[in-house]
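Numbered per the numbering used here, the sequence shown spans residues 55 to 259.
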Amino acid sequence: MDIHVWLAYVVTAIVFSLAPGSGTVNSISNGLSYGTRKSVAAIAGLQIGLAIHIMLVGAGIGALVAQSAFAFSVIKWVGVVYLVWLGIQKWRDSTGLNTSSVAQELSAFTLMKKAVFINLTNPKSIVFLVALFPQFIDPAQDQVSQLLVLGITTVLIDSIVMLGYTTLASQMGRFIRSDRMMARINKLFGSMFVGCGALLATAKA
Numbered sequence: 055m056d057i058h059v060w061l062a063y064v065v066t067a068i069v070f071s072l073a074p075g076s077g078t079v080n081s082i083s084n085g086l087s088y089g090t091r092k093s094v095a096a097i098a099g100l101q102i103g104l105a106i107h108i109m110l111v112g113a114g115i116g117a118l119v120a121q122s123a124f125a126f127s128v129i130k131w132v133g134v135v136y137l138v139w140l141g142i143q144k145w146r147d148s149t150g151l152n153t154s155s156v157a158q159e160l161s162a163f164t165l166m167k168k169a170v171f172i173n174l175t176n177p178k179s180i181v182f183l184v185a186l187f188p189q190f191i192d193p194a195q196d197q198v199s200q201l202l203v204l205g206i207t208t209v210l211i212d213s214i215v216m217l218g219y220t221t222l223a224s225q226m227g228r229f230i231r232s233d234r235m236m237a238r239i240n241k242l243f244g245s246m247f248v249g250c251g252a253l254l255a256t257a258k259a
C-alpha cells in the first residue's frame, strides 16, 4: 500500500472515529462513571466488536449483510433494542461518583462485554467499512495484506479517539461532586443511548 493512500485513509478513519455514535456515548459515560483506568476494558470491547466487523468485511460476509435487507434489519433491530435498554438502565442509575461502590457493581469484564455488543449490533459500521475499504485497496496488490493494514489502522485510531473521549470525561468527573448532578448526567446519557437507538432504527441498508 502506497504511503499517500494510507495517509488518506488515516484522515478518513480519524473522521469516522470522531463522529458521534453509540461507541462515543459509551466511552464518555464510562469515563464519567468509572474513570479512565477501568474504562480501558470497555474501549477494548469496542475494538473487539470493530475488529469482528473488519474480519466479516474481509471474509465477504459484510457485503452480504450490506446487500441483504433481512440480515441488515435483524442486526439493526437487535442493536436498537439493546441501545434503548442501555438508555433505560442509565436513566434509572442513581449512582454517584463513589468509584469504590461503582467498581463493585460492574466489573471490567462486564463493561467490556457491553461494549463488544454495542459495536456488534451496529450494522451501519459494516456497511461503512464495505463502502470504504475498496476505495483504498489496490486490486493489483495483495488484498489480504492491505486489508490487514487498514484494519489495524482503524482499530488503533479508534482506540486512541475513544481513550481521548474517556480521559476527557474522567477529568470532567473530578469537578462533579454532587450526586444530584451525576443523576442528571446519567439521565442525559440515558437519553443519548435511546437517541442512538432511534437513529439506528431509521438506518437503511
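Glycine is no exception: its CB is placed at the ideal position from the N, C-alpha and C atoms. Every value quoted in this text rests on a predicted model; they were computed, and no experiment measured them.
- Distance from the CA atom of alanine 162 to the CA atom of alanine 194, rounded to whole angstroms, is 44 Å.
- In the structure shown, glycine 244 falls within a helical segment according to DSSP collapsed to helix, strand and coil.
- Isoleucine 102 and valine 170 do touch by the CB rule: their CB atoms are close to 5 Å apart, below 8 Å.
- In the three-state reduction of the DSSP assignment, isoleucine 191 falls in the coil class.
- With fewer than 16 other beta carbons inside 10 angstroms of its own, phenylalanine 124 counts as exposed.
- The DSSP-derived three-state label of glycine 99 is helix.
- Around the CB of valine 138, 16 or more other CB atoms lie within 10 Å, so the residue is classed as buried.
- Nearest to methionine 216 by C-alpha distance, out of Tyr63, Ile68, Trp60 and His58, is Ile68.
- Taking a contact as a CB-CB distance under 8 Å, the pair leucine 201 and isoleucine 191 counts as one, their CB atoms being some 7 Å apart.
- Just measuring C-alpha positions, the residue of Ala255, Thr256, Gln197 and Met226 sitting nearest tyrosine 88 is Met226.
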